[in-house]
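Residue numbers (the numbering used here), protein chains in the order written: chain Y, 1365 to 1477; chain E, 3 to 112. Ideal placement from N, C-alpha and C gives every residue a C-beta, glycine not left out. Here's the structure we're looking at; comments come further down.
Pasting the structure below:
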């Protein structure tokens, strides 16, 4: 099983450029999440989708947009990248709410120059 | 807003020794997760603690939860090099939103 697949794994952008990080899961999970990880700060929630058709802001949503395209896919878009968005981005999915664990993708390392 | 504090943030220990990582959080939470991350890798689920007094063990790792004290511990018994990694605790808040601690970077030396 592939689990949670993120693309691309690495990306370098110039300030002001836009890009979309793609995430797909094949576990029939309802909930999906986007986190960013910065040194010394743990993981911070950007946006999440509790079910297909719904999205909600997390702790650090500014500068990002998301789309829950269908049950499998949840994309994260940077409309005008800034150096402060240099980070490692993780997508995660969860079967439902409650006690189920989050399954994480391999991560996408983004550098904004 | 839920605040999560882990300590220590950095831990260097010798093989065979025991140690405990502490995770304190600021508001009520009825579930707490522990994850492991190897350098440059993704996060791997270790434990889910669902209730006050919950204790779970897997190999040399044992996690516990005290919801009244808002404290979880991850105890390492007779450490081995393979346990070297960064460990995160993450209590759950509304719905299934997890708030992660900064992580404890564990290095086990021969």
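Open item on the list: When you compare the CB of residue 1 (chain E) with every CB in chain Y, is at least one pair closer than 9 Å?
Closed with: Because chain E in this structure spans residues 3 to 112, residue 1 (chain E) falls outside the shown range and cannot be described.
TODO: Look up residue 1448 (chain Y) in the DSSP assignment and say whether it is helix, strand or coil.
DONE: helix
Open item on the list: So, at 7 Å on beta carbons, what are the nonlocal neighbours of residue 1423 (chain Y) in its own chain, with the 5 sequence-adjacent residues on each side left out?
Closed with: 1408, 1409
- [ ] Work out the CA separation of residue 111 (chain E) and residue 1369 (chain Y) for me, nearest whole Å.
- [x] 34 Å
Task: Three-state class that DSSP yields for residue 84 (chain E) in the structure shown - done: The DSSP-derived three-state label of residue 84 (chain E) is helix.
Open item on the list: Measuring straight from C-alpha to C-alpha, what distance separates residue 98 (chain E) and residue 35 (chain E)?
Closed with: 11 Å
Task: Whole-angstrom C-beta distance between residue 39 (chain E) and residue 25 (chain E), which should lie under 8 Å - done: Going by Cβ atoms, the distance from residue 25 (chain E) to residue 39 (chain E) rounds to 15 Å, so no, they are not a contact pair.
TODO: Just list the alpha helix (DSSP H) runs in the segment 34–64 of chain E, keeping only unbroken ones of 4 residues or longer that don't cross its boundaries, in chain order.
DONE: none
- [ ] Report back the beta-carbon spacing between residue 65 (chain E) and residue 21 (chain E) to the nearest angstrom; my notes put them in contact at under 8 Å.
- [x] Rounded to the nearest angstrom, the Cβ distance from residue 65 (chain E) to residue 21 (chain E) is 13 Å, too far for a contact under 8 Å.
TODO: Within the same chain, show all residues whose beta-carbon is closer than 6 Å to that of residue 14 (chain E), passing over the 5 residues directly before and after it, in chain order.
DONE: Excluding positions up to five away in sequence, the list reads 109.
Task: Closest by C-alpha distance to residue 1444 (chain Y), when choosing among Y:1437, Y:1401, Y:1455, Y:1428 - done: Y:1428
Task: Sequence-distant residues of the same chain with beta carbon closer than 8 Å to residue 4 (chain E), five excluded per side - done: 27, 28, 29, 31, 93, 95, 101
- [ ] Go ahead and pull the three-state DSSP assignment for residue 102 (chain E).
- [x] coil
Task: Nearest to residue 106 (chain E) (by Cα), restricted to the options E:19, E:71, E:49, E:37 - done: E:37
Task: Chain-order list of residues whose beta-carbon lies under 6 Å from that of residue 1437 (chain Y) (same chain, five-residue window excluded) - done: 1388
Task: residue 11 (chain E), DSSP secondary structure in three states - done: coil
TODO: Could you tell me whether any Cβ in chain Y is nearer than 9 Å to the Cβ of residue 103 (chain E)?
DONE: yes
- [ ] State the Cα-Cα distance for the pair residue 6 (chain E) and residue 91 (chain E), rounded to the nearest angstrom.
- [x] 8 Å
Task: Interface residues of the segment 1365–1392 of chain Y facing chain E [CB-CB below 8 Å] - done: none
Task: the segment 38–55 of chain E: positions lying closer than 7 Å to chain Y by Cβ - done: 44, 45, 47, 50, 52
Open item on the list: Please state the DSSP three-state secondary structure of residue 1421 (chain Y).
Closed with: Look at residue 1421 (chain Y) here: in three-state DSSP terms it is strand.
- [ ] Using a threshold of 9 Å, state whether the C-beta atoms of residue 1468 (chain Y) and residue 44 (chain E) are closer than that.
- [x] Yes, the pair counts as a contact, with Cβ atoms nearer than the cut-off.
TODO: Quick one: grab the DSSP three-state call for residue 1372 (chain Y).
DONE: coil
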